[in-house]
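For the sequence shown, the positions run 1 to 202 when full-length UniProt numbering is used.
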Amino acid sequence: MKGSWNDAREWKDRITVVFSPPADPPWENVVTDAPGKSAVLVPFFAGPGGPELLFLRRSAKLRHHAGEICFPGGMREQGDFGPVSTALRETAEETGIQPDCVETLGILAPEYAVVSGVAVLPVVGMVTRFKPEDLDLSSGETEGACFAGVDLFPDVPVTKTVEVRGTLHEYPEYRLENGWIIWGVTARILRRVLESLKGGIC
1 MKGSWNDARE WKDRITVVFS PPADPPWENV VTDAPGKSAV LVPFFAGPGG PELLFLRRSA
61 KLRHHAGEIC FPGGMREQGD FGPVSTALRE TAEETGIQPD CVETLGILAP EYAVVSGVAV
121 LPVVGMVTRF KPEDLDLSSG ETEGACFAGV DLFPDVPVTK TVEVRGTLHE YPEYRLENGW
181 IIWGVTARIL RRVLESLKGG IC
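Here's what the structure looks like:
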(Lines of atoms letter the chains of each structure in order from A; the text may use other names.)
(Lines give C-alpha, C1' and ligand atoms only; values in the text may rest on other atoms or scores of the structure.)
Protein backbone atom coordinates (compact mmCIF):
# COMPACT_ATOMS: atom_id res chain seq x y z
CA MET A 1 0.00 0.00 0.00
CA LYS A 2 2.85 2.39 -0.66
CA GLY A 3 1.71 5.67 -2.07
CA SER A 4 1.39 9.39 -1.70
CA TRP A 5 -1.38 11.88 -1.22
CA ASN A 6 0.30 14.25 -3.66
CA ASP A 7 -2.60 13.29 -5.89
CA ALA A 8 -5.47 12.86 -3.46
CA ARG A 9 -7.87 12.19 -6.30
CA GLU A 10 -5.85 9.13 -7.32
CA TRP A 11 -6.17 7.59 -3.85
CA LYS A 12 -9.82 8.53 -3.58
CA ASP A 13 -10.54 6.94 -6.95
CA ARG A 14 -8.70 3.78 -5.86
CA ILE A 15 -10.74 3.48 -2.67
CA THR A 16 -13.97 4.26 -4.51
CA VAL A 17 -13.32 1.56 -7.10
CA VAL A 18 -12.46 -1.07 -4.49
CA PHE A 19 -15.51 -0.71 -2.28
CA SER A 20 -19.16 -1.16 -3.17
CA PRO A 21 -21.16 1.84 -4.37
CA PRO A 22 -22.51 3.70 -1.34
CA ALA A 23 -26.03 2.93 -0.25
CA ASP A 24 -27.87 3.26 3.02
CA PRO A 25 -30.44 0.47 3.21
CA PRO A 26 -33.07 0.81 5.91
CA TRP A 27 -32.13 -1.07 9.06
CA GLU A 28 -35.33 -3.06 8.60
CA ASN A 29 -33.84 -4.52 5.41
CA VAL A 30 -30.61 -5.60 7.12
CA VAL A 31 -31.38 -9.25 7.85
CA THR A 32 -29.37 -10.85 10.64
CA ASP A 33 -29.95 -13.20 13.57
CA ALA A 34 -27.73 -11.04 15.78
CA PRO A 35 -29.23 -9.73 19.04
CA GLY A 36 -28.35 -6.17 18.05
CA LYS A 37 -27.24 -4.06 15.09
CA SER A 38 -24.51 -1.45 14.97
CA ALA A 39 -22.38 0.41 12.44
CA VAL A 40 -18.88 1.88 12.43
CA LEU A 41 -17.16 4.34 10.14
CA VAL A 42 -13.87 3.24 8.58
CA PRO A 43 -12.55 6.81 8.17
CA PHE A 44 -9.85 7.50 5.59
CA PHE A 45 -7.91 10.76 5.87
CA ALA A 46 -5.40 12.35 3.49
CA GLY A 47 -2.28 12.14 5.65
CA PRO A 48 1.03 13.86 4.86
CA GLY A 49 2.65 10.56 3.82
CA GLY A 50 -0.32 8.68 2.42
CA PRO A 51 -3.79 7.46 3.38
CA GLU A 52 -4.45 7.23 7.10
CA LEU A 53 -7.15 5.64 9.24
CA LEU A 54 -8.50 6.97 12.52
CA PHE A 55 -8.80 4.69 15.55
CA LEU A 56 -10.30 5.45 18.96
CA ARG A 57 -9.64 3.99 22.39
CA ARG A 58 -12.87 3.30 24.24
CA SER A 59 -13.24 4.54 27.79
CA ALA A 60 -12.26 2.07 30.51
CA LYS A 61 -15.51 3.01 32.27
CA LEU A 62 -17.79 1.61 29.57
CA ARG A 63 -19.80 -1.51 30.29
CA HIS A 64 -18.96 -3.24 27.02
CA HIS A 65 -15.60 -3.44 25.18
CA ALA A 66 -13.99 -1.10 27.73
CA GLY A 67 -10.52 0.12 26.75
CA GLU A 68 -10.58 -1.54 23.35
CA ILE A 69 -9.31 0.06 20.14
CA CYS A 70 -12.07 0.65 17.62
CA PHE A 71 -13.40 2.65 14.72
CA PRO A 72 -15.91 5.37 15.59
CA GLY A 73 -19.44 4.04 15.67
CA GLY A 74 -22.05 2.39 17.84
CA MET A 75 -25.46 0.82 18.22
CA ARG A 76 -28.44 1.58 16.04
CA GLU A 77 -30.82 4.04 17.67
CA GLN A 78 -34.44 4.90 17.02
CA GLY A 79 -34.54 7.48 14.25
CA ASP A 80 -31.50 6.09 12.40
CA PHE A 81 -32.52 5.28 8.83
CA GLY A 82 -29.73 2.81 8.13
CA PRO A 83 -26.09 1.88 8.79
CA VAL A 84 -24.69 5.07 7.24
CA SER A 85 -26.96 7.20 9.40
CA THR A 86 -25.86 5.33 12.53
CA ALA A 87 -22.15 5.45 11.69
CA LEU A 88 -22.18 9.17 10.90
CA ARG A 89 -24.24 10.09 13.96
CA GLU A 90 -21.98 8.12 16.29
CA THR A 91 -18.85 9.50 14.64
CA ALA A 92 -20.06 13.06 15.18
CA GLU A 93 -20.86 12.33 18.82
CA GLU A 94 -17.52 10.63 19.51
CA THR A 95 -15.12 12.77 17.48
CA GLY A 96 -16.80 16.00 16.40
CA ILE A 97 -16.48 15.01 12.72
CA GLN A 98 -19.78 16.15 11.21
CA PRO A 99 -21.64 14.13 8.55
CA ASP A 100 -21.07 16.78 5.88
CA CYS A 101 -17.30 16.19 6.24
CA VAL A 102 -17.64 12.51 5.29
CA GLU A 103 -18.12 11.12 1.80
CA THR A 104 -19.45 7.61 2.20
CA LEU A 105 -17.94 5.19 -0.29
CA GLY A 106 -19.48 1.85 0.56
CA ILE A 107 -20.89 -0.55 3.12
CA LEU A 108 -19.23 -3.91 3.79
CA ALA A 109 -20.94 -7.12 4.86
CA PRO A 110 -21.37 -7.30 8.63
CA GLU A 111 -18.86 -8.65 11.11
CA TYR A 112 -19.98 -10.02 14.47
CA ALA A 113 -18.63 -9.18 17.91
CA VAL A 114 -17.75 -12.52 19.48
CA VAL A 115 -18.68 -11.70 23.08
CA SER A 116 -21.90 -9.74 22.51
CA GLY A 117 -22.91 -11.30 19.19
CA VAL A 118 -23.84 -7.84 17.85
CA ALA A 119 -23.74 -7.35 14.07
CA VAL A 120 -21.33 -4.58 13.06
CA LEU A 121 -21.71 -3.04 9.60
CA PRO A 122 -18.56 -1.20 8.41
CA VAL A 123 -19.19 2.00 6.46
CA VAL A 124 -16.15 3.12 4.45
CA GLY A 125 -15.77 6.87 4.14
CA MET A 126 -13.38 9.64 3.12
CA VAL A 127 -13.09 12.51 5.60
CA THR A 128 -12.47 15.94 4.06
CA ARG A 129 -12.52 19.54 5.23
CA PHE A 130 -11.53 18.42 8.72
CA LYS A 131 -8.19 18.85 10.51
CA PRO A 132 -6.99 16.13 12.92
CA GLU A 133 -6.27 18.79 15.54
CA ASP A 134 -9.99 19.66 15.51
CA LEU A 135 -11.01 16.29 16.96
CA ASP A 136 -13.44 16.78 19.83
CA LEU A 137 -13.51 13.47 21.68
CA SER A 138 -16.45 12.46 23.83
CA SER A 139 -15.05 12.23 27.35
CA GLY A 140 -17.69 9.71 28.38
CA GLU A 141 -16.96 7.26 25.57
CA THR A 142 -13.44 7.85 24.29
CA GLU A 143 -10.03 8.05 26.00
CA GLY A 144 -7.87 8.81 22.99
CA ALA A 145 -7.42 8.84 19.22
CA CYS A 146 -4.66 7.72 16.88
CA PHE A 147 -4.06 8.15 13.15
CA ALA A 148 -2.25 5.28 11.44
CA GLY A 149 -0.83 5.23 7.92
CA VAL A 150 -2.28 2.45 5.79
CA ASP A 151 1.14 1.48 4.43
CA LEU A 152 2.41 0.78 7.97
CA PHE A 153 0.19 -2.25 8.44
CA PRO A 154 1.76 -5.64 7.61
CA ASP A 155 0.54 -7.61 4.62
CA VAL A 156 0.13 -10.66 6.86
CA PRO A 157 -0.88 -9.81 10.43
CA VAL A 158 -0.17 -11.86 13.51
CA THR A 159 -3.12 -14.10 14.37
CA LYS A 160 -4.33 -14.98 17.85
CA THR A 161 -6.87 -17.44 19.18
CA VAL A 162 -9.28 -16.79 22.04
CA GLU A 163 -11.77 -19.14 23.68
CA VAL A 164 -15.25 -17.73 24.29
CA ARG A 165 -17.88 -19.94 25.90
CA GLY A 166 -16.00 -23.07 24.91
CA THR A 167 -15.50 -22.07 21.26
CA LEU A 168 -12.15 -21.06 19.77
CA HIS A 169 -12.12 -17.90 17.66
CA GLU A 170 -9.19 -16.74 15.52
CA TYR A 171 -8.60 -13.08 14.79
CA PRO A 172 -5.77 -10.91 13.42
CA GLU A 173 -3.85 -8.56 15.66
CA TYR A 174 -2.29 -5.24 14.65
CA ARG A 175 -0.01 -3.09 16.80
CA LEU A 176 0.01 0.67 16.25
CA GLU A 177 3.14 2.78 16.61
CA ASN A 178 1.89 4.16 19.94
CA GLY A 179 1.59 0.63 21.35
CA TRP A 180 -2.16 0.22 20.97
CA ILE A 181 -3.23 -3.28 19.94
CA ILE A 182 -6.13 -3.74 17.54
CA TRP A 183 -7.89 -7.08 17.87
CA GLY A 184 -11.35 -8.62 17.77
CA VAL A 185 -14.04 -7.33 15.43
CA THR A 186 -12.13 -4.12 14.65
CA ALA A 187 -9.09 -6.13 13.54
CA ARG A 188 -11.24 -8.35 11.35
CA ILE A 189 -12.79 -5.30 9.69
CA LEU A 190 -9.35 -3.74 9.23
CA ARG A 191 -7.99 -6.92 7.65
CA ARG A 192 -10.84 -6.98 5.12
CA VAL A 193 -10.30 -3.33 4.25
CA LEU A 194 -6.55 -3.78 3.78
CA GLU A 195 -6.95 -6.97 1.75
CA SER A 196 -9.49 -5.23 -0.46
CA LEU A 197 -7.15 -2.31 -1.14
CA LYS A 198 -4.43 -4.79 -2.08
CA GLY A 199 -6.63 -6.65 -4.53
CA GLY A 200 -8.70 -8.94 -2.34
CA ILE A 201 -12.44 -9.11 -1.98
CA CYS A 202 -14.26 -7.23 0.78
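Note that beta-carbon positions come from the ideal geometry of N, C-alpha and C, so glycine has one too.
CB contact below 8 Å: residue i versus chain D
i	result
residue 132	Absent from the structure: chain D. Only one protein chain is present.
Three-state secondary structure assigned by DSSP to residue i
i	result
residue 191	helix
residue 129	coil
residue 108	coil
residue 91	helix
residue 182	strand
residue 159	strand
residue 12	helix
residue 118	coil
Cα-Cα separation, residue i to residue j
i	j	result
residue 56	residue 11	23 Å
residue 161	residue 70	19 Å
residue 85	residue 101	14 Å
residue 27	residue 81	6 Å
residue 157	residue 186	13 Å
residue 131	residue 45	9 Å
residue 3	residue 23	Low confidence applies to residue 3: its pLDDT is 47, below 50, so where it sits in the model is not reliable, and the reading given next is rough at best. In a straight line, the C-alpha of residue 3 is about 28 Å away from that of residue 23.
residue 203	residue 129	Any question about residue 203 goes unanswered here, given that the chain covers just 1 to 202.
residue 88	residue 138	15 Å
residue 68	residue 13	31 Å
Cβ-Cβ distance between residue i and residue j below 8 Å
i	j	result
residue 122	residue 105	no
residue 96	residue 135	yes
residue 103	residue 126	yes
residue 92	residue 99	yes
residue 120	residue 112	yes
residue 73	residue 39	yes
residue 50	residue 155	no
residue 174	residue 184	no
residue 147	residue 47	yes
residue 182	residue 194	no
residue 58	residue 143	yes
residue 52	residue 149	yes
residue 18	residue 197	yes
residue 30	residue 37	yes
Selected residue, minimal CA-CA separation from residue i, among the options
i	options	result
residue 35	81, 117 and 89	117
residue 166	14, 45 and 115	115
residue 110	198, 188, 18 and 15	188
residue 180	19, 145 and 169	145
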